[in-house]
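Student: A single structure is presented below for examination.
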């Protein structure tokens with residue numbers, strides 16, 4: 032099935048460092064969502080973006096909806112050990128036929144070294 | 005507030021046996037409902053989505069089927085499981101398209117076919 036290009040695939044960082052990850056698509060999206068998934072659990076919504084250019088923060092997390100509507104990034108500042116997990120981006124395609132679908136990125140696996 | 009539950013959380017089934025995973029949503033009406041599958045260490049693949057009772061769209065040709073007998077109930081089934089059906093299955097819901105563009109996940113169900 033269709034997937035977004037998410038990078039990097041994995042990251043090993045030191046506690047206190049900032050983290051950046053992004054997603055790109057070849058088609059326009061109406062919505063960008065960012066999730067965190069812990070092992071054996073369902074993804075939990077972190078940030079939702081609904082307008083091109085929108086910049087939204089949730090604590091130490093900041094995400095932006097790209098101007099072209101084809102990309103989004105997520106930044107985590109001052110990482111802590113509990114940030115470990117898999118981060119997924121998700122987009123809702125802009126075409127009418129794709130209104131109900133959410134396409135997911137391949138995930139970024141984050142490991143924080145204390 | 006809205007909640008989503010799916011069960012069972014874990015199951016081990018022999019090849020050729022039937023499957024039934026159930027999902028229910030509370031606190032909302034006429035939700036869009038989804039089934040995703042996640043292979044180990046991989047992204048989320050959309051299997052089915054539904055915009056109303058009895059309305060099922062399949063995204064990937066496969067050994068599985070979905071049904072929506074009630075507004076807030078979504079069932080994933082198989083008549084005969086294959087080894088390749090093993091994975092982490094996630095049910096999800098989103099508000100009706102006219103009121104929001106965010107998708108929320110259940111706790112997930114681990115299926116191991118042996």
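Protein chains in written order, with the working numbering: chain B, 32 to 145; chain R, 5 to 118.
Beta carbons are placed, not taken as given, at the ideal position from N, Cα and C, and that holds for glycine.
#1: Given that a residue counts as buried once 16 or more other Cβ atoms are within 10 Å of its Cβ, and exposed if not, what is residue 43 of chain B?
#2: Express the C-alpha separation of residue 106 of chain B and residue 140 of chain B in angstroms, rounding to a whole number.
#3: Taking Cβ-Cβ distances below 9 angstroms as the criterion, which residues of the region 85 to 101 of chain B are in contact with chain R?
#4: Sorted by chain position, which residues of the same chain lie with C-beta nearer than 6 angstroms to residue 20 of chain R's C-beta, five sequence neighbours on each side aside?
#5: Pairs of beta-carbons, one from the region 10 to 28 of chain R and one from the region 71 to 82 of chain R, closer than 8 angstroms: are there three or more?
#6: Quick one: what does DSSP say residue 102 of chain B is sitting in, helix, strand or coil?
#7: Does any residue of chain B bring its CB to less than 9 angstroms from the CB of residue 36 of chain R?
#8: Within this structure, are the beta carbons of residue 108 of chain B and residue 120 of chain B separated by less than 9 angstroms?
#9: I want to know whether the region 69 to 80 of chain B touches the region 94 to 103 of chain B - three or more CB-CB distances under 8 angstroms.
#10: Between the alpha carbons of residue 103 of chain R and residue 34 of chain R, how many angstroms are there, rounded?
#11: Could you tell me which of B:135, B:56 and B:89 sits nearest to residue 99 of chain B, measuring between CA atoms?
#12: Over what stretch of residues does the beta strand (DSSP E) that includes residue 117 of chain B continue unbroken?
#13: Taking 9 angstroms as the threshold (C-beta atoms), are residue 132 of chain B and residue 50 of chain R in contact?
Tutor: On the basis of the coordinates in this document:
#1: Counting Cβ neighbours within 10 Å, residue 43 of chain B comes out exposed, since fewer than 16 surround it.
#2: Straight-line Cα distance between these residues: approximately 14 angstroms.
#3: Residues passing the 9 angstroms Cβ filter: none.
#4: These residues qualify, in order along the chain: 84.
#5: Taking a cut-off of 8 angstroms on C-beta distances, the region 10 to 28 of chain R touches the region 71 to 82 of chain R, as three or more cross pairs fall below it.
#6: In the three-state reduction of the DSSP assignment, residue 102 of chain B falls in the strand class.
#7: Among the CB atoms of chain B, one or more fall inside 9 angstroms of the CB of residue 36 of chain R.
#8: With respect to residue 120 of chain B, residue 108 of chain B sits apart: the two C-beta atoms are not nearer than 9 angstroms.
#9: Verdict: yes, contact present.
#10: With a pLDDT of only 47 at residue 103 of chain R, under the threshold of 50, the placement of this residue in the model should not be trusted, and no figure is reported.
#11: Of all alpha-carbon atoms in B:135, B:56 and B:89, the one lying nearest the alpha-carbon of residue 99 of chain B is that of B:56.
#12: Going by DSSP, residue 117 of chain B is part of the beta strand (DSSP E) stretching over 116 to 124.
#13: Yes, Cβ-Cβ distance for residue 50 of chain R and residue 132 of chain B is below 9 angstroms.
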